[in-house]
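K.L.:
Quick one: structure below, then a few questions.
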Amino acid sequence: MGATLYDKLWQAHRVHEDADGTTLLYIDRHLVHEVTSPQAFEGLRLAGRKPWRTDSVLAVPDHNVPTTPRGQGVSDIVDPVSRLQVETLDQNCKEFGIREFTMNDPRQGIVHVIGPEQGATLPGMTVVCGDSHTSTHGAFGALAFGIGTSEVEHVLATQCLIQKKSKNMQVRVEGQLGPGVTAKDVVLAIIGEIGTAGGTGYAIEFAGSAIAALSMEGRMTVCNMAIEAGARAGMVAVDQTTIDYIANRPFAPRGELWPRAVAAWRELVSDPDAHFDRVVTLPAEAIAPQVTWGTSPEMVVAVDARVPDPQQVSDPVKREGMRKALAYMALEPGTAVQDIALDKVFIGSCTNSRIEDLRAAAAVAAGRRVADNVKLALVVPGSGLVKQQAEAEGLHEIFMAAGFQWREPGCSMCLAMNADRLEAGERCASTSNRNFEGRQGAGGRTHLVSPAMAAAAAVHGHFVDVRALETETR
Amino acid sequence: MEKFTRLDALVAPLDRANVDTDAIIPKQYLKSVKRSGFGPNLFDDWRYLTPGEPGQDHSQRPLNPDFVLNQPRYAGAQILLARENFGCGSSREHAVWALEDAGFRVVIAPSFADIFFNNCFKNGVLPVVVDGAVLDRLFAAVAAQEGYRLQVDLQAQQLRTPDGESIAFEVDEFRKYCLLNGLDDIGLTLQRAEAIGEYERRRRQEAPWLFA
Ligand code: SF4
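Printed below as a string of structure tokens:
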């Protein structure tokens, strides 16, 4: 029987395996950010240990950085606790000899945006980071997953992790996506289908013609949210789209290594006779633009649907969960999604802050104005280089002319560790990945959508179906 | 890491599914560069009536009387009962640090999110998976009987109820061994330094671009 992509990646990184399957797995790329690393570096220091392979590590501050002008560097971080965390990363990287893109380096950005952008994420790698959205990097045919801080220390000290193999799941999306339907809608629809625990214990390979047709940006969006379906790792097989994206990036192989690497990467696909423990198939044509209504990404409906009614649900735990979510979100069952009005809009995060996302949002924003009831519409590029590219294309002017704010790169209002946040009771259309209670600020209410849907919501002040927008006059 | 062998402790019920790591420890507390001190902010948004910030004196904040863990009968509980998919969301180990700092050594649920589950074992906290029917009974028993306690025996892989019932649970051999002995697994892995070096030499030949 053939091997899945996941089987192949696992096999290639086994250093040692015990009889019960406990495996010492070698890690090729270790990404580090300021929030989940200080205790790991401290652990190394206390034990008198050194990093095993500093050239495998790339560090960047992203969660705490301000998105407002920050020309003075770290001293522009107003909150002293946040500032200390960023300074601690800088010091640790210096002390241990680790490469870091510091806050004002033009290459700085969200850790899951800069890895691929630099070519530091390559097919066939194991990639880890103390961050659950590390699954993003699986878009490159890599085995990429989030780890806790103790494991960050373990990888720093040993270049390995102790792991057990997950089961194989394949999620196939077949057919052609309709106009206005994006990778974000695809992954939200998948989560709506299998639930936030549907992928627990599995590594998910996303496949099928609709996935193959996605750009690398789109594939990253899908893999990014594998963790929201419960799977630590999501991945997509390597094809020409993957290889074209990587060519000539700063960390990519060059010269005589390039053809050798490409030949190896072409093997990174599941064999036709590979066995998956679970296969889920979705027809692409059935996917509409999605909007979450609750406090878990699985609480999602199509934009032309209504907020569901807990009374219709028989499982008592689920019904109670829906009731709590509706109460928190201040929504009545049966409300049309398009009647939900918004206070803020956030376009950014490691799910949707790449150039393609900004282009999609700008296409909707062009020639329109942010609605009066929307107090703040933020656009936060995923990295300094995305920002440069967007400015070269004039996207920032489109956004600013429409009344959006154009900011410096970072995680920003995805989790509101910096100053960008929702106030209690505020409702937000967000391109990020989590709508948990308080995620974007204590008491804040988050609806997850695609960049085009977020921009459309900003200019109308409530959700609208982007598919209907094309015909409307500006 | 603190050893875990057996525990006889008060049980507290948190009757919610999909309790996420943002709920367990909200993001503003992740700014700490320390590993301890997160206990007062466990379930912060549910526990207090006012929003909190790091560095504040949390003992001065008004408690939410409706939040189950604030009920005096659960004070000092070391075992938490929860529902499906406990610990979903982010990789933040702070979630486990907060539970541990607040005194919890065992979480019993029908399922856990993978990263959280893993993080528990690195911090001397034992996640126990039991099936839904057993869990329903435990929730009922805790509600019915004030001061309800369970015994947790890791060596025997059993929970024991006050009326003498034994409930078996599964635990991975290697993790059990580390927990019983309070072992730091970095030390264990470094015993294989030679094999790691060997692997690297081979990979450098096969795929040199991974070492650039
Ligand atoms: S953008 Fe959001 S989800 Fe992504 S790494 Fe930053 S905080 Fe995490």
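Chains as they are written, first to last, in my numbering: chain A, 454 to 927; chain B, 5 to 216.
Idealized CB from N, CA, C, for every residue including glycine.
As the structure is a prediction and not an experimental result, all values here were calculated from the model.
What are the uninterrupted segments assigned as alpha helix (DSSP H) that are 4 or more residues long and contained completely in the stretch 152-216 of chain B, given in chain order?
P.N.:
List check, alpha helix (DSSP H) in window: 177-185, 189-194, 197-210.
K.L.:
Just the Cα atoms here: how many angstroms apart are A/S883 and A/A909?
P.N.:
Each residue's Cα considered, the two are about 12 Å apart.
K.L.:
Taking the Cβ atom as the reference point for each residue, do A/L511 and A/R552 lie within a distance shorter than 9 Å?
P.N.:
Contact: yes.
K.L.:
Using a beta-carbon distance cut-off of less than 8 Å, what residues from the stretch 890-910 of chain A approach chain B?
P.N.:
Against chain B - using a Cβ distance shorter than 8 Å - the residues of the stretch 890-910 of chain A are E890, G891, R892, A895, G896.
K.L.:
Is it the case that the CB of A/S802 approaches a heavy atom of the ligand SF4 more closely than 8 Å?
P.N.:
Yes, Cβ of A/S802 sits closer than 8 Å to a heavy atom of the ligand SF4.
K.L.:
Would you report the Cα separation of A/Y781 and B/N68, rounded to the nearest angstrom?
P.N.:
About 16 Å.
K.L.:
Verify the contact flag: B/C92, CB atom, against every heavy atom of the ligand SF4, threshold strictly below 8 Å.
P.N.:
Checking every heavy atom of the ligand SF4 against the Cβ of B/C92, none is found closer than 8 Å.
K.L.:
Taking 6 Å as the limit between beta carbons, can you name the residues of its chain near A/L922, skipping five residues before and five after?
P.N.:
Excluding sequence neighbours, A/L922 sits near A909.
K.L.:
Exposed or buried, which one is A/Q492 when buried takes at least 16 other CB atoms within 10 Å?
P.N.:
With 16 or more Cβ atoms within 10 Å of its Cβ, A/Q492 is classed as buried.
K.L.:
Is the separation between the beta-carbon of A/V626 and that of A/A755 shorter than 9 Å?
P.N.:
No, Cβ-Cβ distance for A/V626 and A/A755 is not below 9 Å.
K.L.:
Which residues in chain B have a C-beta closer than 8 Å to the C-beta of A/D584? List them in chain order.
P.N.:
Correct list: S94, S95.
K.L.:
Output the distance between the C-alpha atoms of A/I567 and A/E709, rounded to the nearest integer angstrom.
P.N.:
Taking the straight line joining both Cα atoms gives about 25 Å.
K.L.:
Under a three-way DSSP split, which group does A/C676 fall into?
P.N.:
A/C676: helix per DSSP, three-state reduction.
K.L.:
In this structure, how does DSSP classify A/F799 when only helix, strand and coil are distinguished?
P.N.:
Strand.
K.L.:
Could you pull the start and end residues of the beta strand (DSSP E) that A/M688 belongs to?
P.N.:
Segment 686-688, the beta strand (DSSP E) holding A/M688.
K.L.:
Chain B beta carbons: is any one of them nearer than 9 Å to that of A/E627?
P.N.:
With 9 Å as the cut-off, A/E627 does not count as an interface residue toward chain B.
K.L.:
Would you identify the three-state DSSP class for A/S723, choosing helix, strand or coil?
P.N.:
Correct three-state label for A/S723: coil.
K.L.:
Under the DSSP definition of a beta bridge, which residues are partnered with A/C613?
P.N.:
For A/C613, which the question treats as bridged, DSSP gives the partners A/Y479.
K.L.:
Just grab the DSSP bridge partners of B/D12 for me.
P.N.:
Answer is B/Q155, bridged to B/D12.
K.L.:
Closest by CA to A/I808, which one among A/C676, A/D825, A/A854, A/M669?
P.N.:
Of the candidates A/C676, A/D825, A/A854, A/M669, the one whose C-alpha sits nearest the C-alpha of A/I808 is A/M669.
K.L.:
Please classify B/T9 as buried or exposed, where buried requires at least 16 neighbouring CB atoms within 10 angstroms.
P.N.:
Exposed is the call here.
K.L.:
Cα-Cα, which of B/E210, B/R96, B/E150, B/F215 is closest to B/A79?
P.N.:
Answer by Cα proximity: B/E150.
K.L.:
In its own chain, which residues sit with a C-beta less than 6 Å from the C-beta of A/H466, not counting the 5 before and 5 after it?
P.N.:
L478, Y479, T579, listed in sequence order.
K.L.:
Kindly indicate if chain B contains any beta-carbon less than 9 Å away from that of A/Q561.
P.N.:
No - not a single Cβ of chain B is within 9 Å of the one on A/Q561.
K.L.:
Using a C-beta to C-beta distance shorter than 7 Å, which residues of chain B count as neighbours of A/M578?
P.N.:
Ordered by position in chain B, the residues that pass the 7 Å Cβ test against A/M578 are L214.
K.L.:
Does A/E627 come out as helix, strand or coil in the three-state DSSP assignment?
P.N.:
Of the three classes helix, strand and coil, the one that applies to A/E627 here is strand, per DSSP.
K.L.:
When you compare the CB positions of A/T476 and A/V468, do they come within less than 9 Å of one another, or not?
P.N.:
Yes, the pair counts as a contact, with Cβ atoms nearer than the cut-off.
K.L.:
Below 8 Å on C-beta distance, what does B/I29 contact in chain A?
P.N.:
Going along chain A, no residue has its Cβ under 8 Å from B/I29, so there is no contact; the nearest lies around 11 Å.
K.L.:
Could you pull the DSSP bridge partners for B/P17 from this structure?
P.N.:
DSSP output for B/P17 lists B/L85 as bridge partner(s).
K.L.:
Whole beta strand (DSSP E) runs in the stretch 810-840 of chain A with 3 or more residues, listed along the chain?
P.N.:
You should have 829-832.
K.L.:
What first and last residue would you give for the beta strand (DSSP E) that runs through A/H469?
P.N.:
467-470 is the span of the beta strand (DSSP E), which, as asked, contains A/H469.
K.L.:
Less than 8 Å between the CB of A/I567 and some heavy atom of the ligand SF4, yes or no?
P.N.:
No - the ligand SF4 has no heavy atom lying nearer than 8 Å to the Cβ of A/I567.
K.L.:
To which residues of the same chain is A/S585 closer than 6 Å at the C-beta, ignoring the five residues directly before and after it?
P.N.:
Here the set comprises G599, I680.
K.L.:
Would you say the beta carbon of A/L868 is closer than 8 Å to some non-hydrogen atom of the ligand SF4?
P.N.:
Checking the Cβ of A/L868 against the ligand SF4 gives yes.
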